[in-house]
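UniProt numbering applies: residue 1 is where the sequence shown begins, and numbers increase by one.
What follows is a short report on a single structure.
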Amino acid sequence: MSLSLLPISPSSFHSLTLTTTNTLLPSSSSSSYSFLSFSRLRKLSFCHSFTPKQDGVSHFDDDEEEEEEVLVALKQEEANVLELTDGSSSSHLPDKWDVLGLGQAMVDFSGMVDDEFLEKLGLEKGIRKVVNHEERGRVLRAMDGCSYKAAAGGSLSNTLVALARLGNNKPIGGPPPPPPLNVALVGSVGSDPLGSFYRAKLRRANVNFLSEPIKDGTTGTVIVLTTPDAQRTMLSYQGTSSTINFDPCLAKIISNTKILVVEGYLFELPDTIKTIKKACEQACRSGSLVAITASDVSCIERHYDEFWEIVGNYADIIFANSDEAKALCDFSSEESPVAAARYLSHFVPLVSVTDGPRGSYIGVKGEAVYIPPSPCVPVDTCGAGDAYASGILYGLLRGMSDLKRMGSLAARIAATVVGQQGTRLRVQDAVKLAECFAFHLDNSSSNSTGNIQSDFGSDHISSC
């Protein structure tokens, strides 16, 4: 079966149709903190949580920067905040955004612990638990003397950082690269040092954090405790600044955005659900695309009706793994991911369903294109889905119209992240992937007569 595609642009995506000839046509309408001492890192992040008793603890993030660079970034961030206060720095921001994320802004603390550590704290191994300020402090105090890393975390921020790195590469030689992608995130952080750390880290990754810190608020954190058997125990502290408000400023930003990406974890915040709806309504009025990340099965189950109100009325793109897609469809665990992709694509124009080492599916109008996995030696699967989503977004923004090629790029990006330690796509890998993508895109364009075609066997594309 042949699937023939014309280039998909955000302006025409809302009117995407699948014709009887199976053609998609737009209709006419880590640094190592250099082994910072515990007390020095406390100045950056922990002063609202606890007072450490000793030094000598390793702290590092996944960007491999020097300690001095982190401190410089924080100082620069403070200067930028002051500039924003008097309005003098607004000229530094782009007028239009390629992608705007609406999501949680949380700092991740990841450490290796043993079973005894969890038992002493009364924590069940493998759970995901929301904790309060005091519980967070108790766990972090217990980690005093452990080796761990701190990073500007979050599923959506992983996607946006990867996208920004793909979209800001500067290849040596060859034709000039396309314009850099303008990527931003709207979230909620406090005026505490953790909030400054988060904003500084995103800024260094070419992701603009557009929300001002909430005065006297505390920034949310996620503590990830990994035992030798690779099981993760996750403790989430929402902070006192977890609400995102919809205001005229956010409305204006969305109006100048090509793709709005809403993180599913936001459905856990009752006051923010109203903001999600208003943001999606604004995006639709402005002709922007709306993408939703499913985020977590339990989150979907707790907020099923709210998810479907947004997905059914506003979503143009949805990102989910196999279990999340089945949860959205209210399917049993025995159902196949391809069935979920086909079902969801009756409601959402473009559906992305990942299925781990078994590959992934892209659903469009009741059909599902199979994307084989990209070979890799797995090191850490955390962040694979986030990386995959960045590949789909990158392909759309760069004019890729072949779903098979777009999915293959996304699978390759995911495999790159799975083959490393850490959840973020590294700069050097992003450059190589973007150059490879540009090469294949140029070849596809030169070998076509207007339509970009891709042929699949019947096992690769299925219809209801």
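Note that CB positions come from ideal geometry on N, CA and C, so glycine has one too.
Please read all numbers here as calculations on a predicted model, not as lab measurements.
What is the residue span of the beta strand (DSSP E) that residue i lies within?
| i | result |
| --- | --- |
| A184 | 183-186 |
| E263 | 257-263 |
| M112 | 106-112 |
| K129 | 128-130 |
| residue 472 | No answer is possible for residue 472: it lies beyond the span of the chain, which begins at 1 and ends at 464. |
| F209 | 207-209 |
| I371 | 367-371 |
| H291 | The sequence shown places Ala at residue 291, rather than the His named in the question. Per DSSP, A291 belongs to the beta strand (DSSP E) from 289-293. |
| T226 | 220-226 |
| D98 | 97-102 |
List the whole-angstrom C-beta distance separating residue i from residue j, where the pair is believed to meet the contact cut-off of C-beta under 8 Å.
| i | j | result |
| --- | --- | --- |
| L393 | R412 | Incorrect: roughly 15 Å between the Cβ atoms, too far for contact. |
| G366 | S345 | 6 Å |
| L250 | V186 | 6 Å |
| R165 | A430 | 4 Å |
| L266 | I276 | 6 Å |
| G111 | M143 | 6 Å |
| G395 | N158 | Contact flag wrong, Cβ pair sits at about 18 Å. |
| I300 | I318 | Not a contact, Cβ separation roughly 11 Å. |
| D114 | T227 | 6 Å |
| T416 | D386 | T416 to D386, Cβ: 12 Å. No contact. |
| T233 | I310 | Going by Cβ atoms, the distance from T233 to I310 rounds to 30 Å, so no, they are not a contact pair. |
Check whether the Cβ atoms of residue i and residue j sit closer than 8 Å, and answer yes or no.
| i | j | result |
| --- | --- | --- |
| G195 | T221 | no |
| S211 | V183 | no |
| L118 | V261 | no |
| K96 | A152 | no |
| A279 | L102 | yes |
| P378 | V418 | yes |
| D316 | P357 | no |
| I253 | T272 | no |
| E435 | N169 | yes |
| V369 | K326 | no |
| G167 | P176 | no |
| K149 | Q231 | no |
| L163 | S390 | yes |
Starting from residue i, trace the alpha helix (DSSP H) in both directions and tell me its first and last residue.
| i | result |
| --- | --- |
| S155 | 155-166 |
| V139 | 133-142 |
| N313 | 304-314 |
| G391 | 384-397 |
| T272 | 270-286 |
| A410 | 403-418 |
| A327 | 322-329 |
| A200 | 193-204 |
| D115 | 115-121 |
Considering only the alpha carbon of each residue, which of the options lies closest to residue i?
| i | options | result |
| --- | --- | --- |
| Y361 | L210, S322, I310 | S322 |
| K120 | R138, E134, V131 | R138 |
| V353 | E116, A294, I273 | A294 |
| F307 | F347, A279, G264 | G264 |
| D192 | P177, N182, K215 | K215 |
| R136 | P373, Y237, E324 | Y237 |
| R426 | P179, V161, V113 | V161 |
| K258 | A410, V418, G399, A415 | G399 |
| I371 | G385, P349, A387, L409 | L409 |
| R302 | E281, N208, L328 | L328 |
| V130 | E116, S147, S298, L93 | S298 |
| V224 | G363, F437, F347, V107 | V107 |
| G363 | P180, S390, P357, D402 | D402 |
| N313 | Q421, E281, E324, R342 | E281 |
| A239 | I127, E335, Q104, A438 | Reading the sequence as shown, one finds Gly at residue 239 and not Ala. For the residues I127, E335, Q104, A438, the minimum Cα distance to G239 belongs to Q104. |
| P94 | L397, E309, N256, P213 | N256 |
| G154 | G287, S147, F109, G145 | F109 |
| P213 | R204, N206, Y198 | Y198 |
| N206 | S147, G217, H92 | H92 |
| G407 | F437, Q428, Q421 | F437 |
| A320 | D98, D296, R285 | D296 |
| G359 | P337, L235, E324 | P337 |
| Y304 | C146, D330, A283, Y343 | D330 |
| F246 | L235, K274, D229 | K274 |
Determine, using beta carbons only, whether residue i comes closer than 8 Å to chain C.
| i | result |
| --- | --- |
| Y265 | The question asks about chain C, but that chain is absent: this structure has only one protein chain. |
**Q.** Whole beta strand (DSSP E) elements within the stretch 334-363, 3-residue minimum
**A.** As far as the stretch 334-363 is concerned, its whole beta strand (DSSP E) runs of at least 3 residues are 350-354.
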